[in-house]
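Following UniProt numbering, the numbering of the sequence shown begins with 1 at its first residue and continues without gaps.
Ideal Cβ placement from N, Cα and C applies to all residues, glycine included.
One structure is given here, and the rest of the page talks about it.
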Amino acid sequence: MTAQFAVPATTFVLRGVVQRRVDLAYEGFSVPQVSVEPPPRPPATPANGASAPQPESAGLYLFLHHVVPNPAWRNMYEPHVDSAGKRVGPSPLAVDLHYLLAATGAGLEREVLLGLGIAALNRHGIVPRPLIRSILGAIVVPDPPNRPLDRLTAEPLDDPARQPEQITVSQAPVDVDLSTKIWSALQSPMRPCAHFLVTTVFLDTGDSYPAAKDVGKARVGVRPEATRTATPPPDDTVTITGGA
């Protein structure tokens with residue numbers, strides 16, 4: 001994937017995975033939608049208290065709140081240097097995505113939705129490439145496109161040449177302290193939630209790594225052990241020349 005589409009394509013696929021599970025569970029009922037926005041703030045309560053606040057509508061929120069470099073891929077090919085020690089290229093740009101999955105709704109319906117979302121993401125711990133193609137291929141693209149994101153379907157998130165590792169999803173053990181800080185930053189009351197780590201997403205920025213040059217000449221040097229009385233021979237270098 002190119003840098004501008006890899007992250008939103010991953011989020012779109014994960015939202016599609018969760019939405020399909022919710023659609024199946026709510027068949028015959030009004031289906032809640034899965035949003036990629038941050039959880040909403042509650043509606044304001046009238047100052048005079050004349051009317052009671054309306055109950056929250058049911059919904060799931062899959063919100064990307066943090067992106068970090070993947071340490072394994074960052075260090076795997078670092079540094080790219082040639083035989084002279086000159087740097088010739090950067091490390092692969094691969095990142096891990098941290099998501100907050102939160103549920104809203106009246107009463108225990110929040111817990112119902114949260115359970116569906118957790119089950120859907122854990123069921124697809126390794127997102128298969130055919131499923132990625134199916135979800136991205138279902139996007140309806142206007143003609144002509146209205147915004148750059150409308151070209152998302154043309155990006156090969158499922159191509160092993162551009163996405164060497166399959167995308168994996170795992171639930172992250174986030175304690176109450178960190179979760180509270182996230183909710184405080186969102187300026188929203190805490191709701192039932194779960195945290196997920198999605199790895200590894202490659203951001204192809206067009207960098208290429210030049211191939212190493214073939215060996216044209218090999219030199220072998222032979223020297224005696226360095227002592228105070230030892231005198232080196234007049235010519236102590238044997239040169240072997242030949243093709244690559």
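Task: C-beta contact flag for V36 and F63 at 8 Å - done: Counted from its first residue, the sequence shown places residue 36 at position 36. Counted from its first residue, the sequence shown places residue 63 at position 63. Contact: yes.
- [ ] Would you kindly report the start and end of the unbroken beta strand (DSSP E) that includes residue 249?
- [x] Given a span of 1 to 244 for the chain in the structure shown, any question on residue 249 remains unanswerable.
Open item on the list: Using a 10 Å radius around the Cβ and a threshold of 16 neighbouring Cβ atoms, would you call F12 buried or exposed?
Closed with: By one-based count along the sequence shown, residue 12 stands at place 12. Buried is the call here.
TODO: Could you say which of F202, P192, V201 lies nearest to L116 if we only look at CA atoms?
DONE: Looking up residue 116 in the sequence shown gives position 116. For the residues F202, P192, V201, the minimum Cα distance to L116 belongs to P192.
Open item on the list: With a threshold of 7 Å on Cβ separation, who are the neighbours of L186 within its own chain once the five nearest residues in sequence on each side are excluded?
Closed with: To locate residue 186, count along the sequence shown from 1; it is residue 186. Correct list, in chain order: P38, P39.
Open item on the list: Using the three-state DSSP reduction, which class does Y209 fall into: helix, strand or coil?
Closed with: As a first step, residue 209 is located in the sequence shown; it is residue number 209 there, counting from the start. Residue placement at Y209 is poorly supported in this model, since its pLDDT is 46, which falls under 50; the coordinates are not used for a value here.
Task: Rounded distance between the beta-carbons of L93 and F202, thought under 8 Å - done: In the sequence shown, residue 202 corresponds to position 202, counting from 1. In the sequence shown, residue 93 corresponds to position 93, counting from 1. Yes, F202 and L93 are in contact; Cβ-Cβ is about 7 Å, under 8 Å.
Task: Short Cβ contact (8 Å threshold) for V7 with V18 - done: Sequence index remark: in the sequence shown, residue 7 carries index 7 (1-based). Sequence index remark: in the sequence shown, residue 18 carries index 18 (1-based). No, they are not a contact pair.
- [ ] Ignoring anything shorter than 4 residues or poking outside the stretch 95-169, list the alpha helix (DSSP H) runs there in chain order.
- [x] 109-123, 129-137
Open item on the list: Considering only their Cβ atoms, is the gap separating A9 from L152 smaller than 8 Å?
Closed with: On the sequence shown, residue 152 is found 152 positions in, with the first residue counted as 1. On the sequence shown, residue 9 is found 9 positions in, with the first residue counted as 1. Yes, these two residues count as a Cβ contact at 8 Å.
Open item on the list: By alpha-carbon positions, which one of L197, D150, E165 ends up nearest to G137?
Closed with: As a first step, residue 137 is located in the sequence shown; it is residue number 137 there, counting from the start. Answer by Cα proximity: D150.
TODO: Quick one: grab the DSSP three-state call for A244.
DONE: Taking the first residue of the sequence shown as 1, we reach residue 244 at position 244. Only weak support is given to the placement of A244: the predicted model assigns it a pLDDT of 48, under 50, and the question is left unresolved by the model.
Task: Cβ-Cβ distance between L14 and L131 below 8 Å - done: Stepping through the sequence shown from its first residue, residue 14 is reached at position 14. Stepping through the sequence shown from its first residue, residue 131 is reached at position 131. Taking 8 Å as the Cβ cut-off, L14 and L131 do not qualify as a contacting pair.
Open item on the list: Measuring only the C-alpha atoms, how far is G59 from P32?
Closed with: Position 59 of the sequence shown, counted from the start, is the residue given in the question as residue 59. Position 32 of the sequence shown, counted from the start, is the residue given in the question as residue 32. The straight-line gap from Cα to Cα measures roughly 5 Å.
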